[in-house]
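J.: Position in the sequence shown (from 1) plus 6 gives the number in the numbering used here.
Where is the CB? At the ideal position from N, CA and C, for every residue including glycine.
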Amino acid sequence: MRKPFVAGNWKMNTDIASALALARDIADRIGRLDGIDVAVCPPFVYLHAVADALSSSNIALGAQNVFFQPNGAFTGEISAAMLKDLSCTYVIIGHSERRHVIGETDDLINKKISAAINNGLLPIFCVGELLEQRKAGKTSAVVTEQVKKGLAGLCTERIQAVTIAYEPVWAIGTGINATPEQAQEVHAMIRDLLACLYDKTIASNLRIQYGGSAKPDNTAQLMTQPDVDGLLVGGASLKADDFASMVETAVKIKTGSN
Ligand code: 13P
Numbered sequence: 007m008r009k010p011f012v013a014g015n016w017k018m019n020t021d022i023a024s025a026l027a028l029a030r031d032i033a034d035r036i037g038r039l040d041g042i043d044v045a046v047c048p049p050f051v052y053l054h055a056v057a058d059a060l061s062s063s064n065i066a067l068g069a070q071n072v073f074f075q076p077n078g079a080f081t082g083e084i085s086a087a088m089l090k091d092l093s094c095t096y097v098i099i100g101h102s103e104r105r106h107v108i109g110e111t112d113d114l115i116n117k118k119i120s121a122a123i124n125n126g127l128l129p130i131f132c133v134g135e136l137l138e139q140r141k142a143g144k145t146s147a148v149v150t151e152q153v154k155k156g157l158a159g160l161c162t163e164r165i166q167a168v169t170i171a172y173e174p175v176w177a178i179g180t181g182i183n184a185t186p187e188q189a190q191e192v193h194a195m196i197r198d199l200l201a202c203l204y205d206k207t208i209a210s211n212l213r214i215q216y217g218g219s220a221k222p223d224n225t226a227q228l229m230t231q232p233d234v235d236g237l238l239v240g241g242a243s244l245k246a247d248d249f250a251s252m253v254e255t256a257v258k259i260k261t262g263s264n
């Protein structure tokens, strides 16, 4: 039985005051829920303050990116050890905005995943196709290649630290989410691929989140899909009410509890 996992990706939003207020609000509302893992991923510069605001809750802290080198002359970069130092549990790697806006490659993403795991961080590894790739019937090929290249060289023990987030690029920030059936189809394909690359136990234990215009009114339908284990939430995670209600819906659907 996979524990549901909902994470909020705040992207390049908030300021110090609103980041703290949002973290406190989320911690007040859902900071004691059982049966689900919840994380928020603020901008790097607010991690330290948000860690304090979450310290008496069950909400975990995640970063939105990491560099693969341990230290040295890499101006502007942040190492995995630094994130551990700031109490991060998770780190988002390979987000579509980093692939398509910043230009990250599968090879770089692979190095980051490896460095994160080596330092005890749990990667949230993002994959997903562009609209033209979906229209050309290439979704499965694109996602398969991203998964294979991103996880290349990871042994069966280390892969268990990973959560995969399927985020179709055309659904991110557009208000047009993948239908529950579209999400389920790709999640099941990823799980089958993991069974081929590793084994059935690993495939059935690994969590796969959906991301892309997830919001309170589509959470129940998405979470009802058997291979959708959670959500990676962008815009809706900036509103404590919306994020809390999505987390509550997710845990209710997956565990039958309230
Ligand atoms: P939205 O929920 O704003 O579409 O963003 C999804 C996302 O990119 C989460 O990482």
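I'd like the list of long-range same chain contacts for Asp235, defined as Cβ closer than 7 Å, with 5 residues on each side in sequence excluded.
T.: Correct list, in chain order: Arg8, Pro10, Phe11, Arg213, Ile214, Gln215.
J.: With a floor of 3 residues, list each beta strand (DSSP E) that falls wholly inside the segment 94-147, ordered by position along the chain.
T.: Those beta strand (DSSP E) runs which fall completely within the segment 94-147 and span 3+ residues are 96-99, 128-133.
J.: Is Asn19 helix, strand or coil by DSSP?
T.: Three-state result, Asn19: coil.
J.: DSSP has Gln215 in a bridge; who is on the other side?
T.: Answer is Ala171, Gly236, bridged to Gln215.
J.: Should Leu26 and Val46 be called a contact, given that it needs their Cβ atoms to be closer than 8 Å?
T.: Contact: no.
J.: Would Leu244 and Ala171 be called neighbours here (beta carbons separated by less than 8 Å)?
T.: The answer is no: Cβ separation not under 8 Å.
J.: Taking 7 Å as the line, does the beta carbon of Leu67 fall inside it for any heavy atom of ligand 1?
T.: Because no heavy atom of ligand 1 lies under 7 Å away, the Cβ of Leu67 does not count as near it: no.
J.: Taking the continuous beta strand (DSSP E) assigned at Asp58, which residues delimit it?
T.: Counting along the chain, Asp58 falls outside any beta strand (DSSP E), though it belongs to the alpha helix (DSSP H) covering 53-60.
J.: Please say whether Ala86 and Leu128 have beta carbons closer to each other than 8 Å?
T.: No, these two residues do not count as a Cβ contact at 8 Å.
J.: Helix, strand or coil: which one does DSSP assign to Phe249?
T.: Phe249: helix per DSSP, three-state reduction.
J.: Should Asp223 be labelled buried (16 or more other beta-carbon atoms within 10 Å of its own) or exposed?
T.: Exposed, by the Cβ-count rule.
J.: Measure how close the beta-carbons of Gly241 and Gly217 come, nearest whole angstrom, since I'm counting them as under 8 Å.
T.: Not really, about 11 Å apart at Cβ, beyond 8 Å.
J.: Would DSSP call Leu92 helix, strand or coil?
T.: Coil, per DSSP.
J.: Can the beta-carbon of Leu89 be found closer than 8 Å to that of Ala121?
T.: No, the Cβ-Cβ distance between Leu89 and Ala121 is not below 8 Å.
J.: Does the separation of the CB atoms of Gly156 and Val133 fall below 8 Å?
T.: Cβ atoms of Gly156 and Val133: closer than 8 Å.
J.: Among residues of its own chain, excluding the 5 on either side of Thr225, which ones have a beta-carbon nearer than 6 Å to its beta-carbon?
T.: Closer than 6 Å at the Cβ level, and outside the excluded window around Thr225, lie Met252, Thr255.
J.: Compare the C-alpha of Ala250 against each of Leu28, Pro186, Ile22 and name the closest.
T.: Nearest C-alpha to Ala250: Leu28.
J.: Going by DSSP, what residue range makes up the alpha helix (DSSP H) through Cys47?
T.: That residue, Cys47, is in no alpha helix (DSSP H); its beta strand (DSSP E) goes 43-47.
J.: In whole angstroms, what separates the C-alpha of Glu103 from that of Pro186?
T.: Distance between the alpha carbons of Glu103 and Pro186: 23 Å.
J.: Could you give the DSSP three-state label for Phe50: helix, strand or coil?
T.: Helix, per DSSP.
J.: By Cβ distance, which residues of its chain are closer than 7 Å to Gly126, with the 5 residues on each side in sequence left out?
T.: Closer than 7 Å at Cβ, skipping near neighbours: Lys90.
J.: Taking the alpha carbon of Ser24 as the reference point, which residue from Pro49, Leu39, Asp40, Gly41 has its own alpha carbon closest?
T.: Nearest C-alpha to Ser24: Pro49.
J.: Ser210 by DSSP, collapsed to three states: which one?
T.: Residue state, collapsed to three classes: helix.
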